Amino acid sequence: MGIKSNIINVLFISILIDFLEFTIILPLLPKILTYYGSQVDANHDTLYHKTMSFVQFIRDLTGAPNDAKWNSVLFG
7 MGIKSNIINV
17 LFISILIDFL
27 EFTIILPLLP
37 KILTYYGSQV
47 DANHDTLYHK
57 TMSFVQFIRD
67 LTGAPNDAKW
77 NSVLFG
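According to this note's numbering, the sequence shown is numbered sequentially starting from 7.
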């Protein structure tokens with residue numbers, strides 16, 4: 007029973023840490039996207055701009071409203 011108990015403890019701690027990581031970074035994602043979107047970059051060949059072009063394509067395809075809050079939802 008000792009080894010089984012240790013495995014369950016390690017698994018529980020790992021899942022708890024994973025949940026805490028997501029609860030810290032996910033609320034920050036819209037602010038991070040807004041920050042990078044507001045940066046003036048002459049080179050629109052970056053991964054961010056290519057991904058936002060894809061998000062625009064998906065938004066047009068699905069008929070989602072052209073609103074900035076939907077960008078972060080579709081980006082995620």
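Glycine residues also receive a C-beta, built at the ideal position from the N, C-alpha and C atoms.
Bear in mind that the values here come from a model prediction, so they are computed numbers and not experimental data.
#1: Where are the alpha helix (DSSP H) runs, 4 residues long or more, that stay fully inside the stretch 34-65, in chain order?
#2: I need the boundaries of the alpha helix (DSSP H) containing D24, first residue and last residue.
#3: Under a Cβ-count criterion, where at least 16 other Cβ atoms within 10 Å of its own Cβ denotes burial, should N77 be classed as buried or exposed?
#4: Does L22 pass the burial test, meaning 16 or more other C-beta atoms within 10 Å, or should it be called exposed?
#5: Report all residues from its chain with a CB closer than 7 Å to the CB of L53; omit the five preceding and five following residues, and keep chain order.
#6: Using only the alpha-carbon positions, how far apart do I64 and H55 sit?
Taking the structure as given:
#1: Annotation: the stretch 34-65 contains the following complete segments of the alpha helix (DSSP H) (minimum length 4 residues), in chain order: 35-44.
#2: As a first step, residue 24 is located in the sequence shown; it is residue number 18 there, counting from the start. In the DSSP assignment, D24 falls within the alpha helix (DSSP H) that extends over G8 to I31.
#3: Walking along the sequence shown from the start, residue 77 turns up at place 71. Counting Cβ neighbours within 10 Å, N77 comes out buried, since at least 16 surround it.
#4: Start at 1 with the first residue of the sequence shown, and residue 22 comes out as number 16. So L22 ends up on the exposed side.
#5: Start at 1 with the first residue of the sequence shown, and residue 53 comes out as number 47. Annotation for L53: no residue places its beta carbon closer than 7 Å to its own, counting only its chain and skipping 5 residues before and after.
#6: Locating residue 64 in the sequence shown gives position 58, where the first residue counts as 1. Locating residue 55 in the sequence shown gives position 49, where the first residue counts as 1. Near 14 Å, if we compare the C-alpha coordinates of H55 and I64.
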